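In what follows, a structure is listed as structure tokens, so that the remarks can point back to it.
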Amino acid sequence: MRTQALTLGLAAILLATAACKNQSAENRMNAQTPEAQKAAGTKTIAAGLAANGKFMAAAKAAGLDQTLAGAGPYTVLVPDDAAFDKAPAGTFDAKPENRAQLTGILTNMILSGTMLVDDIDKAIDRGKGKALLASMGGTLTATKDGGKTVLTDSKGNKATITQGDEKYSNGVVHHVDAVLMPAKPAAQPPTKAGQ
Amino acid sequence: MTRLFLAAGVAALAIAAPASAKPGGNGGGQGGDKNAVQTNRGGHGGGGSAVRGGGGNIEARGGGGAAFRMQSRGGSHGGEIASPRMQRQVFAIQEHGHGGGGRAMKIERSNVGHANVVEQRGRGSEMKLQRIEQRQVRNVEHNQMRGNQLARDRGQAMGAEMKANRIERVSNREALRDELRTNRIERLDNGMFVRNANLGTRVVRAEDFSNRARGYGVGGCPPGLLDKGCMPPGLASKLLGTRISDAARIAELSSVPYSVRYLYPDTNDFYYRYGDGYMYRVDRGTSLIDALLPLAFGGYMPGSYFPSSYMNNYYVPSSYGFNSFYPDSPYNCNRYVNGVIYQVDCVTGFVENVIPMYASGYGVGQMLPTGYGYYNVPYQYRSMYYDTSDYGYWYAPGAIYQYDPSSSMITSVAALLSPGFNIGQPLPMGYDVYNVPYDYRATYYDTPSAMYRYNNGNIYQIDPATMLVTAIVASILT
Chain A
1 MRTQALTLGL AAILLATAAC KNQSAENRMN AQTPEAQKAA GTKTIAAGLA ANGKFMAAAK
61 AAGLDQTLAG AGPYTVLVPD DAAFDKAPAG TFDAKPENRA QLTGILTNMI LSGTMLVDDI
121 DKAIDRGKGK ALLASMGGTL TATKDGGKTV LTDSKGNKAT ITQGDEKYSN GVVHHVDAVL
181 MPAKPAAQPP TKAGQ
Chain S
1001 MTRLFLAAGV AALAIAAPAS AKPGGNGGGQ GGDKNAVQTN RGGHGGGGSA VRGGGGNIEA
1061 RGGGGAAFRM QSRGGSHGGE IASPRMQRQV FAIQEHGHGG GGRAMKIERS NVGHANVVEQ
1121 RGRGSEMKLQ RIEQRQVRNV EHNQMRGNQL ARDRGQAMGA EMKANRIERV SNREALRDEL
1181 RTNRIERLDN GMFVRNANLG TRVVRAEDFS NRARGYGVGG CPPGLLDKGC MPPGLASKLL
1241 GTRISDAARI AELSSVPYSV RYLYPDTNDF YYRYGDGYMY RVDRGTSLID ALLPLAFGGY
1301 MPGSYFPSSY MNNYYVPSSY GFNSFYPDSP YNCNRYVNGV IYQVDCVTGF VENVIPMYAS
1361 GYGVGQMLPT GYGYYNVPYQ YRSMYYDTSD YGYWYAPGAI YQYDPSSSMI TSVAALLSPG
1421 FNIGQPLPMG YDVYNVPYDY RATYYDTPSA MYRYNNGNIY QIDPATMLVT AIVASILT
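So the sequences go chain by chain: A and S. Take the first sequence: its letter number 110 is residue 110 in this note's numbering, and every next letter is one higher. Here this note's numbering runs 1000 ahead of the position in the second sequence, where the first position is 1.
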């Protein structure tokens, strides 16, 4: 009888511990300091984008969901789900061994600061039809095509802004119709110090 | 009167008998008459106790009741001295033995014509003897139990003593080994100091080599793997296809920490274990390691030699400010190949650390570079990203990483950072577009005399004529 009581007690403690650990793990997954949450405002890019959309799924797999819930500000180019489907098979696979590639692709579509479509268009005009945008994963070129703003990656892939200026507390989102790929890491290193 | 004398004589004999009985005297006299049989039975009391109790003295006194007869018949055996407890037991037996002695007195009486009485009393005595014998058997059994207990106690004491001796021997051996090892380390240290004196100011290097001498090096791990858990890449790759139980004997494997388990989720087909800088995927069906994911990154792993031809050419680029964040020192040479910074020992050519750049895909689930385990988040972000017991933050050009302190694995990217601006530098390529946050646009907007750009928490002023960064006009995070 006493043994049974002891066993039951032990099991209860183990269950409680496991529950705490799981809860702790969940908290850690969304861990963000209160100050960072406050700076991000009430509706962040991470909160505003469809949670079940392919972009947010990929962002979560790459650990960038917290980035988009952070203070920012960022300008995020979000390909629609159809654009994800057009990408080569396995490009956005959330498997651990694919995470590095996924991270590189997503960061290529995140830019520092807040750039509205009008800002990009003005820069294109100033630049005589072309403007360069530094993303977190490389450099994009902005042009105008038939009244629409088009972004081109280093590989020549083009993406048109289909719906722009979706504003959030920590930045702005422009929906695009294609995935922009990052440049392959430089195979040829610089040959002189400091270059 | 005669009776009185006889009684006194018998009493005297009875009193003297135990003293005159030889130690170990066996009460077992040989004889075919009834008395002899009876005496023998009385002697059995003593004999029984001798056999079971193991005390020779008991044997002597057990037959004490009939001792005088034993003496006369010459039946005796040597005995040994028993313990005091045994002696107490002996007294009880002796009393039973006296029963036999009383019977002997009655035999004497039969000699003076009281045969009938003696016979009747003899029968009663026989029954009494049986009772006595039973009591003796009980006592002897009790005595044996006590004896066994004593033996056990003694055995335990001896066991404890032997164990203590063994521990002492082991301690002495370990002390000797420690002493030898200390001497060896001292010799090596001395050697290093001599070398240090020859090399001038290379104190830090000397300490580093000294540490390597303590148990690492020959037959162990390459120096660069000291901080990474001592698993050469070649050995790690050989674990592919081995059973997880076999691999666990070679690599120090553990379960994936809860905080990063979502990055390496278990499925019905496989689960993960990590250790020594690698994540091992294990097939549930076969328990074989079917995939090996390096948590560190790059073509040259810590501990391997960096090609000397690369040392003279593959410098860290100035773009993104990498070269100022990873400056060379007289002892550390930083080189950049394919999106990865390699920290190389300038003298030995060993890769000591591998730091992938975020732009090349470095991120969550991978390990924090070992050389940068300290808090280094840029000042303007410190109020938002500070270390807690659950997670820490680490900055490298491109991002502020959140990591799990227990495993040093990156759990998320807290913030993406673009390369910072320095006052007086030309505006880098890619900042053609106005990007100031909403709340500051009313104050900082482009004019023919000034442009404004946002970067890493600050708003910078740019001179449109020269395109040089002229000032930080606002810090929006502090």
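All C-beta atoms, glycine included, are put in the ideal place defined by N, C-alpha and C. Predicted model, so just to flag it, every value in this text is computed and none were measured.
With a cut-off of 9 angstroms, does the C-beta of residue i fall near any C-beta of chain A?
| i | result |
| --- | --- |
| residue 1453 (chain S) | yes |
| residue 1465 (chain S) | no |
| residue 1423 (chain S) | no |
| residue 1413 (chain S) | yes |
| residue 1363 (chain S) | yes |
| residue 1410 (chain S) | yes |
| residue 1399 (chain S) | yes |
| residue 1291 (chain S) | yes |
| residue 1269 (chain S) | no |
| residue 1330 (chain S) | no |
| residue 1428 (chain S) | yes |
| residue 1288 (chain S) | no |
Let me know if residue i comes out buried or exposed under the rule of 16 or more other beta-carbons within 10 Å of its beta-carbon.
| i | result |
| --- | --- |
| residue 1145 (chain S) | exposed |
| residue 1452 (chain S) | buried |
| residue 1127 (chain S) | exposed |
| residue 1136 (chain S) | buried |
| residue 1138 (chain S) | exposed |
| residue 1420 (chain S) | buried |
| residue 1269 (chain S) | exposed |
| residue 118 (chain A) | exposed |
| residue 1352 (chain S) | buried |
| residue 1402 (chain S) | buried |
| residue 99 (chain A) | buried |
| residue 172 (chain A) | buried |
| residue 1162 (chain S) | exposed |
| residue 1479 (chain S) | Outside the shown range of chain S, which is 1001 to 1478, sits residue 1479 (chain S), and nothing can be said about it. |
| residue 175 (chain A) | buried |
| residue 114 (chain A) | buried |
Please tell me whether residue i has its Cβ less than 9 angstroms away from any Cβ of chain S.
| i | result |
| --- | --- |
| residue 49 (chain A) | no |
| residue 175 (chain A) | no |
| residue 147 (chain A) | no |
| residue 77 (chain A) | no |
| residue 166 (chain A) | no |
| residue 90 (chain A) | no |
| residue 200 (chain A) | Limits of chain A in this structure are 1 at one end and 195 at the other, which puts residue 200 (chain A) out of reach. |
| residue 161 (chain A) | no |
| residue 135 (chain A) | yes |
| residue 122 (chain A) | yes |
| residue 156 (chain A) | no |
| residue 110 (chain A) | yes |
| residue 103 (chain A) | yes |
Leaving out five residues before and five after residue i in sequence, what residues of the same chain have Cβ atoms less than 6 angstroms from its Cβ?
| i | result |
| --- | --- |
| residue 1477 (chain S) | 1380 and 1457 |
| residue 48 (chain A) | 168 |
| residue 1291 (chain S) | 1281 |
| residue 1259 (chain S) | 1404 and 1411 |
| residue 137 (chain A) | 104, 107, 108 and 182 |
| residue 91 (chain A) | none |
| residue 1309 (chain S) | none |
| residue 123 (chain A) | 131 |
Check each candidate in the options and name the one with the smallest Cα separation from residue i.
| i | options | result |
| --- | --- | --- |
| residue 1312 (chain S) | S:1239, S:1279 and S:1349 | S:1349 |
| residue 126 (chain A) | S:1442, S:1434, S:1287 and S:1441 | S:1434 |
| residue 94 (chain A) | A:46, A:166, A:130 and A:55 | A:55 |
| residue 39 (chain A) | S:1345, S:1383 and S:1463 | S:1383 |
| residue 179 (chain A) | A:130, A:154 and A:35 | A:154 |
| residue 1248 (chain S) | S:1417, S:1318 and S:1289 | S:1289 |
| residue 1305 (chain S) | S:1431, S:1415, S:1342 and S:1467 | S:1342 |
| residue 1426 (chain S) | S:1442, S:1463, S:1165 and S:1251 | S:1463 |
| residue 135 (chain A) | S:1333, S:1431 and S:1262 | S:1431 |
| residue 157 (chain A) | A:147, A:74, A:170 and A:143 | A:143 |
| residue 1331 (chain S) | S:1345, S:1318, S:1325 and S:1324 | S:1345 |
| residue 67 (chain A) | S:1415, S:1393, S:1469 and S:1441 | S:1415 |
How about residue i: is its C-beta nearer than 9 angstroms to some C-beta of chain D?
| i | result |
| --- | --- |
| residue 114 (chain A) | Considering every chain present, this structure includes no chain D. Its protein chains are A and S. |
Suppose the cutoff is 8 angstroms on Cβ atoms and the five residues either side in sequence are ignored; what does the same chain contact list for residue i look like?
| i | result |
| --- | --- |
| residue 1254 (chain S) | 1273, 1274 and 1275 |
| residue 1244 (chain S) | 1253, 1273, 1280, 1282, 1287, 1288 and 1289 |
Could you name the residues of the same chain whose beta carbon sits closer than 7 angstroms to that of residue i, not counting the 5 residues immediately before and after it, in chain order?
| i | result |
| --- | --- |
| residue 170 (chain A) | 40, 41, 44, 45, 70, 71, 72, 73 and 74 |
| residue 1031 (chain S) | With a pLDDT of only 38 at residue 1031 (chain S), under the threshold of 50, the placement of this residue in the model should not be trusted, and no figure is reported. |
Which whole runs of the alpha helix (DSSP H) in the segment 76–116 of chain A are 4 residues long or more, in chain order?
Listed in chain order, they are 81–86 and 99–107.
Threshold first: 4 residues or longer. Then list the alpha helix (DSSP H) segments lying entirely within the segment 1383–1411 of chain S, N to C.
If only complete runs of 4 or more residues are kept, the segment 1383–1411 of chain S shows no alpha helix (DSSP H) anywhere.
Give the list of continuous beta strand (DSSP E) stretches no shorter than 3 residues that lie fully inside the segment 1413–1461 of chain S.
1451–1455, all fully within the segment 1413–1461 of chain S.
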